[in-house]
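Below, the structure is given as structure tokens:
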């Protein structure tokens with residue numbers, strides 16, 4: 391199965407937070423999964439996200 395991830399940043403005014411929205415689409419543009427997660431400004435985002443998505447890519451390729 392092949393999929394494409396679209397990443398956006400959303401500001402949630404009620405919580406005064408910025409969140410990532412990840413939407414995964416298959417080759418027929420059907421939404422497979424949508425994730426909403428809080429951005430932790432204390433953690434280097436790039437390093438944390440790289441580890442997380444490398445493991446998810448490995449799972450998706452199986």
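In our numbering, the protein residues as written are 391 to 452.
Where is the CB? At the ideal position from N, CA and C, for every residue including glycine.
Under DSSP, residue 412 forms a beta bridge with 397 and 425. Residue 416 and residue 405 have their C-alpha atoms some 31 Å from each other. The beta carbons of residue 400 and residue 411 sit closer together than 8 Å.
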